[in-house]
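Q:
Protein chains: 2
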Amino acid sequence: MALIVQKYGGTSVGSVERIEHVAKKIATFRARGHQIVVVVSAMSGETTRLTELATAIQTPPDCRELDVLLSTGEQVTIALLAMALQKQGVAARSFTGAQVRILTDATHGKARIVDIDKQRVSEALAANEVVVVAGFQGVDEHGNITTLGRGGSDTTAVALAAALKAEECQIYTDVDGVYTTDPRIEPNARRLDRITFEEMLEMASLGSKVLQIRAVEFAGKYNVPLRVLSSFEENVDGQTGTLISYEEDGMEQARISGIAFNKDEAKVTVLGVPDHPGVAHQILGPVGEANIEVDMIIQNVGADGTTDFTFTVHRTDFQRTQVVLEQVAKDLGAREVNADDKIVKISLVGVGMRSHAGIASQMFEILANEGINIRMISTSEIKISVVVDEKYLELGVRALHSGFGLEQSIEVSQ
Amino acid sequence: MALIVQKYGGTSVGSVERIEHVAKKIATFRARGHQIVVVVSAMSGETTRLTELATAIQTPPDCRELDVLLSTGEQVTIALLAMALQKQGVAARSFTGAQVRILTDATHGKARIVDIDKQRVSEALAANEVVVVAGFQGVDEHGNITTLGRGGSDTTAVALAAALKAEECQIYTDVDGVYTTDPRIEPNARRLDRITFEEMLEMASLGSKVLQIRAVEFAGKYNVPLRVLSSFEENVDGQTGTLISYEEDGMEQARISGIAFNKDEAKVTVLGVPDHPGVAHQILGPVGEANIEVDMIIQNVGADGTTDFTFTVHRTDFQRTQVVLEQVAKDLGAREVNADDKIVKISLVGVGMRSHAGIASQMFEILANEGINIRMISTSEIKISVVVDEKYLELGVRALHSGFGLEQSIEVSQ
């Protein structure tokens, strides 16, 4: 008997029929004697419907009230799933984020979990009930409803698994695991049986929309084994999909796990900034204060004692970033601000590459052979990212996938 | 400057446009310096939509989980109305039942309010905010979400008005006040300017669906003046509609306030019960234990030492009542159980009639003149109710309305 946390996303609970299907899957698990905590998202389409109601009234909607509104989405699902489980003869009880007491900070719309009071969940588990928890939501210390932002239900699941010391956290979704790249772009993409937390972080943050980055961070921090599975396939053994865990012996080869990409970013450059100490802070300080998250950062020194400072932001923050930067550029005496949202980031991810520097040059060569001009480069121990024009996305991904032989399970030789 | 509690029903907040209309009304009030607490229902249609989702999964739905589900309806409205108020430049903050802490008992689906913690609402009012509260919902002492049952939003409004010692509780609805009877049945029905709590209790409980009976009880108990107004008419002075309050001088004439009726009841009779002490308890005990509410009760002694025991229940409880009674009849050695759900109750209501017994015979004569057979009679100090065949509803109401001259504002003479 093990304690398993399972999370079902919006598509998996997108209709009454699908909720009943999920209930049957859970009942099968339950019959094997497992204790189960289920975390669910809003039914697919519901969050969009609610957001449209809000924006029809107020643009942008008040962030506190938007959280009150959006949190109803998951609340509907938990009640319906608890009913469906009871219909299957499985004792079940639902909890909102406030009821579990998933305590978060007060940043509406992208709150972070501070603490989980596991008492009520533990009591329900002890009473032999399946516990159904609303993902994506919590309360701040004053009792205001908060939401965790995009993909927050994954984070809820992992945080609960960590708090309850669950054996595994299973993320059921509409794909059956983590792939070497997006199969819609490269049909030869291959499912990975295992991947490390670090690699998954890069894959997730770079746009392989399987798992939310904060959920993976959480799982890594608390060492919660995370498994991505399809909610539509029969996999009652819970042993298929992709397992995300810490690196094990035998994983130390020069291995490329996959090609990630991100179409949601935009690039901004402050050109001709006087090159003196503290300039990066003077540029990024106001950006951070405006609550804009920055991804890649590159600074080039020019010949004339000025520097060009480039970074990427989420496309939804593109306009705001430009407004902030125009002022910053003026204050700094910079020449101009240059902005481009027709870009894409492509990344090669793999634990193996940390000790194999030749991979970078191999990557650049593959892209050059296809005539793809590289606009930015950024590297870390386990990934190499390049920014290229948006139009090269498919070509670049396919060339790299094939160039590194990812369609077969081979080791990269150099 | 006065503290006013306003309640807007589902039709009044049935669309984004109507929510914005309500926000404008509130803004006008606010501009006069009033402090305002607003209680809202779910958008019209929403409760039905949610109930259908539930019954598509489980019949009947688990009552705890149904409350979790249905309470999302009002939660959506409070968020949207708070946004709409902010758009009007009015500071506003929403609260769910759990957030105000509207403490109820644990009877899911028809919980009763036990206590209201007015601290958070008072704080928000002190901060010059309009407070928007979800009607119909609360929490029990264990933090489980409860709902107050049909029309519960009225009760929430009155309970808040009582707790906050508000000057008036205004119920905005799709009618502009309390009428002498349902205008859809008698086009000559007339709006009453004033009515007493007692009369309103009879009018409400007997099916004039303007106000929920428990809201009127609450208002009477805590002496909260209650006003029914149209949310679609311009009545920014808040002085139109019908005011429900305690009896005042000059109201002591022999006055009939109106004709109420109820199509939601069914009649059951246990025939040939051995007539000995305690028989009423033996019949109604099991009915009460099954949580079935009983309205009219009549017992006739027959000639043969047996008695016939008749009472009415809500039609939704009709089937269950029969099941309970079949067993009771067996246990008591009664002859048979007779049941009829094709009946209607028509009631004459008025403070004036308590000292004017002739009104009853006048009522029976009017009905007899129309050939309407009376199946049950029940009287109280301020009402006389008769049960007749359903088909006589319209004829009976019109005959009484005209027979007692209710289309004009006159006093009844005998």
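Protein chains in written order, with this note's numbering: chain A, 1 to 414; chain B, 1001 to 1414.
Virtual Cβ for every residue (Gly too), placed ideally from N, Cα, C.
This structure is a prediction, so every number in the text was calculated from the model and none was measured.
When you compare each of A/Leu66, A/Ala91 and A/Val16 to A/Ile36 by their alpha carbons, which one comes out closest?
A: Position 36 of the first sequence holds residue 36 of chain A. Looking at the Cα atoms, A/Ala91 is the closest of the given residues.
Q: Give me the Cα-Cα distance between A/Arg194 and A/Met200, rounded to the nearest whole angstrom.
A: For this step, residue 194 of chain A is matched to residue 194 along the first sequence. For this step, residue 200 of chain A is matched to residue 200 along the first sequence. If I take the Cα positions, the gap works out to 10 Å.
Q: Identify whether B/Ile1146 lies in helix, strand or coil by the three-state DSSP scheme.
A: As a first step, residue 1146 of chain B must be located in the second sequence, where it is residue number 146. Note that residue 1146 of chain B corresponds to Thr in the displayed sequence, not to Ile. Here B/Thr1146 sits in strand by DSSP.
Q: Using the beta-carbon of each residue, which ones in chain A are nearer than 7 Å to B/Glu1065?
A: By one-based count along the second sequence, residue 1065 of chain B stands at place 65. Under the 7 Å cutoff, chain A gives Ala79, Ala82, Met83 and Ser94.
Q: Tell me the DSSP secondary structure of A/Glu46 in three-state form.
A: Here the question's residue 46 of chain A lines up with position 46 in the first sequence. A/Glu46 falls in the helix class under three-state DSSP.
Q: Under 8 Å between the Cβ atoms of A/Glu74 and A/Ser41?
A: Stepping through the first sequence from its first residue, residue 74 of chain A is reached at position 74. Stepping through the first sequence from its first residue, residue 41 of chain A is reached at position 41. The answer is yes: Cβ separation under 8 Å.
Q: Taking the beta strand (DSSP E) that A/Arg194 falls in, what are its first and last residues?
A: As a first step, residue 194 of chain A is located in the first sequence; it is residue number 194 there, counting from the start. Run containing A/Arg194: Arg194 to Thr196, per the beta strand (DSSP E) assignment.
Q: Going by other Cβ atoms of all chains shown within 10 Å of its Cβ, with 16 needed for buried, is B/Glu1265 buried or exposed?
A: The count along the second sequence starts at 1 and reaches residue 1265 of chain B at position 265. B/Glu1265 should be labelled buried.
Q: Taking the beta carbon of A/Tyr246 as the centre, do at least 16 other beta carbons fall within 10 Å, making it buried, or is it exposed?
A: As a first step, residue 246 of chain A is located in the first sequence; it is residue number 246 there, counting from the start. It is exposed - the Cβ of A/Tyr246 has fewer than 16 other Cβ atoms within 10 Å.
Q: Since A/Gly109 meets chain B, which of its residues come closer than 9 Å, beta carbon to beta carbon?
A: One-based indexing of the first sequence puts residue 109 of chain A at position 109. Per Cβ cutoff of 9 Å: no residues; A/Gly109 is ~13 Å from chain B at best.
Q: Pull up the distance between the alpha-carbon of B/Ala1111 and that of B/Ala1054, whole angstroms please.
A: Start at 1 with the first residue of the second sequence, and residue 1111 of chain B comes out as number 111. Start at 1 with the first residue of the second sequence, and residue 1054 of chain B comes out as number 54. Whole-angstrom Cα-Cα distance: 19 Å.
Q: Just reading off the beta strand (DSSP E) that A/Arg93 is part of, what are its end residues?
A: As a first step, residue 93 of chain A is located in the first sequence; it is residue number 93 there, counting from the start. Taken as a continuous stretch (DSSP letters only), the beta strand (DSSP E) holding A/Arg93 covers Ala92 to Phe95.
Q: Looking only at DSSP bridge pairs, what is B/Gly1152 linked to?
A: As a working note, residue 1152 of chain B is residue 152 in the second sequence. DSSP, once it has assigned bridges, lists no residue as partnering B/Gly1152.
Q: Could you check the C-alpha separation between A/Asp115 and A/Gln170 for me, to the nearest Å?
A: Here the question's residue 115 of chain A lines up with position 115 in the first sequence. Here the question's residue 170 of chain A lines up with position 170 in the first sequence. When rounded, the distance between both Cα atoms is 21 Å.
Q: Could you check the C-alpha separation between A/Leu85 and A/Pro60 for me, to the nearest Å?
A: Counting from 1 along the first sequence, the entry for residue 85 of chain A is found at position 85. Counting from 1 along the first sequence, the entry for residue 60 of chain A is found at position 60. Going by the C-alpha atoms only, they are around 38 Å apart.
Q: Compare the beta carbon distance of A/Thr155 and A/Gln212 with 8 Å and say whether it is the shorter of the two.
A: Working through the first sequence from its first residue, we reach residue 155 of chain A at position 155. Working through the first sequence from its first residue, we reach residue 212 of chain A at position 212. A contact, by the Cβ cut-off of 8 Å.
Q: Would you call the region 134-142 of chain A and the region 96-107 of chain A touching, i.e. three or more CB-CB distances under 8 Å?
A: Yes, the region 134-142 of chain A is in contact with the region 96-107 of chain A.
Q: Using 10 angstroms around the beta-carbon of B/Lys1267, count the other beta-carbons present and answer buried if the total reaches 16, otherwise exposed.
A: The count along the second sequence starts at 1 and reaches residue 1267 of chain B at position 267. Answer is buried; the Cβ neighbour count reaches 16.
Q: With which residues is B/Ala1339 paired in a DSSP beta bridge?
A: Position 339 of the second sequence, counted from the first residue, corresponds to residue 1339 of chain B. B/Val1268.
Q: Using a threshold of 7 Å, is the CB atom of B/Ile1116 nearer than that to any non-hydrogen atom of the ligand PLP?
A: The ligand PLP is absent from the structure shown, which contains no ligand whatsoever.
Q: Check this for me: beta carbons of A/Leu393 and A/Ala334, under 8 Å apart or not?
A: The residue you call residue 393 of chain A lines up with position 393 of the first sequence. The residue you call residue 334 of chain A lines up with position 334 of the first sequence. No, Cβ-Cβ distance for A/Leu393 and A/Ala334 is not below 8 Å.
Q: State the DSSP-derived secondary structure class of B/His1276, mapped to helix, strand or coil.
A: Within the second sequence, residue 1276 of chain B is the residue found at index 276, counting from 1. Coil, per DSSP.
Q: Does the structure place the region 118-126 of chain A close enough to the region 5-13 of chain A that three or more beta carbon pairs sit under 8 Å?
A: No contact exists between the region 5-13 of chain A and the region 118-126 of chain A.
Q: Pairs of beta-carbons, one from the region 1272-1291 of chain B and one from the region 1324-1334 of chain B, closer than 8 Å: are there three or more?
A: Yes, since at least three Cβ pairs between the region 1272-1291 of chain B and the region 1324-1334 of chain B fall closer than 8 Å, the two stretches touch.
Q: Could you tell me how far apart the beta carbons of B/Val1210 and B/Val1158 are, in whole angstroms, since I believe they sit closer than 8 Å?
A: For this step, residue 1210 of chain B is matched to residue 210 along the second sequence. For this step, residue 1158 of chain B is matched to residue 158 along the second sequence. Going by Cβ atoms, the distance from B/Val1210 to B/Val1158 rounds to 14 Å, so no, they are not a contact pair.
Q: Classify B/Ser1385 as helix, strand or coil using the three-state DSSP reduction.
A: By one-based count along the second sequence, residue 1385 of chain B stands at place 385. Three-state result, B/Ser1385: strand.
Q: For the candidate residues A/Thr240, A/Glu233 and A/Leu348, whose alpha-carbon lies nearest to that of A/Arg227?
A: Here residue 227 of chain A is taken as the residue at index 227 of the first sequence, counted from 1. A/Arg227 has its Cα closest to that of A/Thr240, out of A/Thr240, A/Glu233 and A/Leu348.
Q: Could you run through the region 42-56 of chain A and flag, in chain order, every residue whose CB is less than 8 Å away from some CB of chain B?
A: The residues in question are Leu50, Leu53, Ala54 and Ala56.
Q: Give, in chain order, every residue of the region 1002-1031 of chain B whose Cβ lies closer than 8 Å to some Cβ of chain A.
A: So the close ones are Val1016, Ile1019 and Glu1020.
Q: Can you tell which of B/Gly1109, B/Asp1067, B/Ile1372 and B/Val1130 has the C-alpha that lies nearest to the C-alpha of B/Lys1087?
A: Position 87 of the second sequence, counting from 1, holds the residue named residue 1087 of chain B. The candidate whose alpha carbon is nearest that of B/Lys1087 is B/Val1130.
Q: Relative to the C-alpha of A/Glu233, which residue among A/Gly177, A/Gly109 and A/Glu186 is closest?
A: By 1-based counting over the first sequence, the position of residue 233 of chain A is 233. A/Glu233 has its Cα closest to that of A/Gly177, out of A/Gly177, A/Gly109 and A/Glu186.
Q: CB-CB under 7 Å to B/His1021, same chain, minus the five flanking residues each way: which ones, in chain order?
A: Within the second sequence, the letter at position 21 stands for residue 1021 of chain B. Same-chain partners within the cutoff: there are none.
Q: Does A/Ala334 come out as helix, strand or coil in the three-state DSSP assignment?
A: Along the first sequence, read from residue 1 onward, the residue named residue 334 of chain A stands at position 334. A/Ala334: coil per DSSP, three-state reduction.
Q: So, using beta-carbon positions, are B/Ala1106 and B/Asn1144 closer together than 8 Å?
A: The residue given as residue 1106 of chain B occupies position 106 in the second sequence. The residue given as residue 1144 of chain B occupies position 144 in the second sequence. Cβ atoms of B/Ala1106 and B/Asn1144: closer than 8 Å.
Q: Would DSSP call A/Leu405 helix, strand or coil?
A: The sequence position of residue 405 of chain A within the first sequence is 405, counting from 1. The question names Leu, but residue 405 of chain A in the sequence shown is Gly. The answer is coil: DSSP assigns A/Gly405 none of H, G, I, E or B.
Q: Enumerate in chain order the residues of its own chain whose CB-to-CB distance from B/Gly1045 is below 6 Å, with the five nearest sequence positions on each side excluded.
A: Walking along the second sequence from the start, residue 1045 of chain B turns up at place 45. Answer for B/Gly1045: no residue qualifies.
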